[in-house]
Amino acid sequence: MNTSVNICGVNFKNPVTTASGTCGFGRDFLNFYKPEQLGAIVVKGLTLAPRLGNPPVRIAETPAGMLNSIGLQNPGVEKFIAEELPWLKERNATVIANIAGSCIDDYCEMARILSDTSVDMIEMNISCPNVKEGGVAFGTNPATVEKITSSVKKVCTKPLIVKLSPNVTDITQTAHAAEVGGADCLSLINTLLGMRIDIKTKRPVLHNNVGALSGPAVKPVAVRMVWQVRKVTDLPIIGMGGIASWEDAVEFLMAGANAVSIGCAAFSNPSVPLEVIDGIEKYMEANNISDISEITGSVIPY
Numbered sequence: 611m612n613t614s615v616n617i618c619g620v621n622f623k624n625p626v627t628t629a630s631g632t633c634g635f636g637r638d639f640l641n642f643y644k645p646e647q648l649g650a651i652v653v654k655g656l657t658l659a660p661r662l663g664n665p666p667v668r669i670a671e672t673p674a675g676m677l678n679s680i681g682l683q684n685p686g687v688e689k690f691i692a693e694e695l696p697w698l699k700e701r702n703a704t705v706i707a708n709i710a711g712s713c714i715d716d717y718c719e720m721a722r723i724l725s726d727t728s729v730d731m732i733e734m735n736i737s738c739p740n741v742k743e744g745g746v747a748f749g750t751n752p753a754t755v756e757k758i759t760s761s762v763k764k765v766c767t768k769p770l771i772v773k774l775s776p777n778v779t780d781i782t783q784t785a786h787a788a789e790v791g792g793a794d795c796l797s798l799i800n801t802l803l804g805m806r807i808d809i810k811t812k813r814p815v816l817h818n819n820v821g822a823l824s825g826p827a828v829k830p831v832a833v834r835m836v837w838q839v840r841k842v843t844d845l846p847i848i849g850m851g852g853i854a855s856w857e858d859a860v861e862f863l864m865a866g867a868n869a870v871s872i873g874c875a876a877f878s879n880p881s882v883p884l885e886v887i888d889g890i891e892k893y894m895e896a897n898n899i900s901d902i903s904e905i906t907g908s909v910i911p912y
């Protein structure tokens with residue numbers, strides 16, 4: 611059986627990756643798996659300068675998921691390049707750097723810097739607020755999606771993944787805009803926007819009032835959006851959103867994903883990435899599937 615996938619010329623030994631922000635830089639889960647065992651490691655979101663993130667409370671449980679408002683706490687791109695990337699590459703891990711910014715120039719500068727390193731791909735988080743445009747997220751306006759993708763692509767020599775926001779009316783429009791802008795690959799979905807209120811204090815549970823909803827609660831939305839996007843593009847898709855088992859992962863592949871990312875589930879079950887890899891292999895064996903690509907897009911709609 612062949613479980614490897616090739617995305618934009620980068621070989622993943624299997625279709626399982628981590629979701630950005632959920633595995634740090636790969637060291638946190640060494641007691642459970644090695645970074646090189648996965649198809650790729652998508653590292654914590656990076657910004658040009660170090661960030662301390664938002665004040666607590668930054669995480670809250672919800673039914674079938676969690677809210678987070680970490681605020682992109684990270685050591686900055688230069689420290690990642692100096693201290694974390696060499697360690698990952700020494701282990702022969704496939705590394706995807708995730709970048710975030712408050713203006714297009716930030717994204718362009720980070721893409722330029724990372725293009726001169728050994729990262730294998732760059733994932734662009736466009737769910738960040740565009741400070742120069744009144745704080746509206748880059749990823750909610752198709753015209754802005756095309757503009758930022760086009761601008762970054764001009765300076766980015768690594769395969770560029772555009773991570774799509776689900777907080778839109780029609781995700782196929784932003785997917786199309788990213789493709790027109792020159793995206794090499796799409797990843798979806800990013801988190802949904804959510805909120806919890808403490809009824810005793812009448813105050814939001816999170817200090818930032820609202821946060822990013824992830825976990826099993828978002829999976830049906832994510833599967834639907836991957837299916838919709840696959841119908842309008844031939845670009846590789848990395849699907850994510852509530853994957854907690856190999857069955858979940860196979861759903862995403864059938865919907866049209868070429869690979870999947872696991873995030874929230876790893877907090878309660880750190881071994882879930884390996885369980886998903888093993889489960890996919892057993893599913894392929896049981897169904898006489900010789901190549902993982904046979905599963906991608908195989909859903910039969912009514």
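The sequence shown runs 611 to 912 under the working numbering.
Each residue gets a CB set at the ideal place from its N, CA and C atoms; glycine is no exception.
All figures in this text were calculated on a predicted structure; none of them were measured in a lab.
Residue closest to V828, alpha-carbon to alpha-carbon, out of A875, E789, P752: Of A875, E789, P752, the residue nearest in Cα terms is A875.
Residue closest to Q838, alpha-carbon to alpha-carbon, out of T657, E904, F690, T782: Ranking T657, E904, F690, T782 by Cα distance to Q838 puts T782 first.
Meets three-Cβ-pair contact criterion under 8 Å: the segment 634-653 and the segment 873-888: Because the criterion of three Cβ pairs below 8 Å is met, the segment 634-653 and the segment 873-888 touch.
Distance between beta carbons of G681 and L658, contact taken as under 8 Å: About 15 Å; that fails the 8 Å criterion.
G619 burial status per 10 Å Cβ neighbour count (16 or more: buried): In the assembly as shown, G619 is an exposed residue. Its beta-carbon has fewer than 16 other beta-carbons within 10 Å.
Cβ-based neighbour list, M864, same chain, cut-off 8 Å, excluding 5 preceding and 5 following: In chain order, I905, T906, G907, S908, V909 place their CB closer than 8 Å to the CB of M864, counting only its own chain and leaving out the 5 sequence neighbours on each side.
Bridge-paired residues (DSSP) for C718: Residue pairing of C718 in beta bridges, as defined by DSSP: absent, with no partner found.
Neighbour-count burial assignment, G663, 16 or more Cβ in a 10 Å radius: Label assigned to G663: exposed.
Simplified DSSP state of R661, which is helix, strand or coil: The answer is strand: DSSP assigns R661 an E or B state.
CA-to-CA distance, D888 to P880, given in whole angstroms: Cα-Cα distance, rounded: 15 Å.
Nearest neighbour of P660, chosen from N818, G792, Q683 [CA to CA]: When only C-alpha atoms are compared, the closest one is Q683.
Contact under 9 Å by Cβ, T704 with D730: Cβ distance < 9 Å, so T704 and D730 count as in contact.
For N777: DSSP bridge partner residues: N777 has no beta-bridge partner at all, per DSSP.
Pick from G852, I847, A692 that is closest to V615, judged by C-alpha positions: Minimum Cα distance to V615 is reached at I847.
Same chain only: Cβ atoms within 7 Å of M720, ignoring 5 sequence neighbours per side: Within the same chain, M720 has close Cβ partners L656, L658, V687, I709, G711.
Helix, strand or coil at V705 according to DSSP, with G and I counted as helix: V705 falls in the strand class under three-state DSSP.
Pairwise C-alpha distance: A785 and F795: Rather than Phe, the amino acid found at residue 795 in this sequence is Cys. Straight-line Cα distance between these residues: approximately 10 Å.
Alpha helix (DSSP H) segment containing S878, residue limits: Per DSSP, S878 is one residue of the alpha helix (DSSP H) stretching across 875-878.
Sequence-distant residues of the same chain with beta carbon closer than 6 Å to D716, five excluded per side: Result list for D716: L658, in chain order.
P622 classed as buried or exposed, judged by whether at least 16 other C-beta atoms fall within 10 angstroms: According to the sequence shown, residue 622 is Phe rather than Pro. F622 is buried by the Cβ-count criterion.
Between the CA atoms of S761 and E733 - distance to the nearest angstrom: Answer to the nearest angstrom: the Cα atoms are 14 Å apart.
Under 9 Å between C-beta atoms of P830 and A854: Cβ atoms of P830 and A854: not closer than 9 Å.
For S903, the three-state DSSP class (helix, strand or coil): Helix at S903.
Proximity of V765 and R722 at Cβ, strictly below 9 Å: Taking 9 Å as the Cβ cut-off, V765 and R722 qualify as a contacting pair.
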